Amino acid sequence: MKLRFAIALVFAAALTRLLPHPDNFTPIGAMALFGAAYFSRQALTLAIPFIALFISDLLLNNIIYKEYYSGFTLITSGWIYLAFGLMMLIGWLVLRHKVNAGRVVTASLGASLIFFLVTNFSTWAETTLYPKTAAGLMACYTAGLPFLKNTVLGDLFFSAVLFGTYEFAARYTARTAPQH
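Counting in our numbering, the sequence shown runs from 1068 upward without gaps.
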């Protein structure tokens, strides 16, 4: 029951990406952290959040944002998946032994920072928007700062929802379970 519920929470969070939302206010970081914290088998830790991200990307890229692409789009940026994997690593390092509010906030802030650093680095490295110099990289990071706020707020909000819902359900289920 716990495993199925955790998987359902991750997929539900992924589907919220399809709803209108402020830029960068998404559940991506929370999904990575939650998977790292609660899926005890390493294969599930990696697979479930990545599959949820991939499916929501397929829907976003081929339905909602299809006018930006020429034809069916399987993957738009490997950098996002790299950032996602690093966010899962942060979650595993910070949350694998104990989940509490302070650790979730710490991991969420770390996930936000990782996402910001990786995705803005990718913009600098793969586009012609910025010169390929240290000053160009700093300009790219500076231009990305307005998006960092919503990334942090989204990671904190969705982490609170995912972790809070799961912990509430686990405690409620334990309290209402028949005593043997």
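Built from N, CA and C at the ideal position, the CB exists for glycine as well. As the structure is a prediction and not an experimental result, all values here were calculated from the model.
- Rounded to the nearest angstrom, the gap between the Cα atoms of Trp1159 and Leu1113 is 11 Å.
- The C-beta distance from Met1154 to Phe1182 rounds to 7 Å, short enough to fall under 8 Å.
- Within the same chain, and ignoring the five residues on either side of Lys1165 in sequence, no residue has its Cβ closer than 7 Å to its Cβ.
- The criterion of a C-beta distance shorter than 8 Å is not satisfied by Phe1106 and Leu1229.
- Here Asp1090 is exposed: its Cβ has fewer than 16 other Cβ atoms, across all protein chains shown, within 10 Å.
- Collapsing the DSSP output to three states places Gln1246 in coil.
- Secondary structure note for Tyr1132: it is in no alpha helix (DSSP H), with a DSSP letter that is neither H nor E.
- Within 10 angstroms of the beta-carbon of Gly1169 lie fewer than 16 other beta-carbons, which makes it exposed.
- In the same chain as Asn1129, and ignoring 5 residues on each side of it, the C-beta atoms closer than 8 Å to its own belong to Tyr1136, Phe1139, Thr1140, in chain order.
- For the set Ile1122, Leu1086, Ile1074, the Cα lying nearest the Cα of Ala1103 is the one of Ile1074.
- Nearest neighbour of Phe1225 by Cα position, chosen from Ala1097, Thr1083, Ala1081, turns out to be Ala1097.
- When the Cα atoms are used, Glu1134 and Lys1216 turn out to be separated by approximately 28 Å.
- The Cβ-Cβ distance between Leu1162 and Val1185 does not fall below 8 Å.
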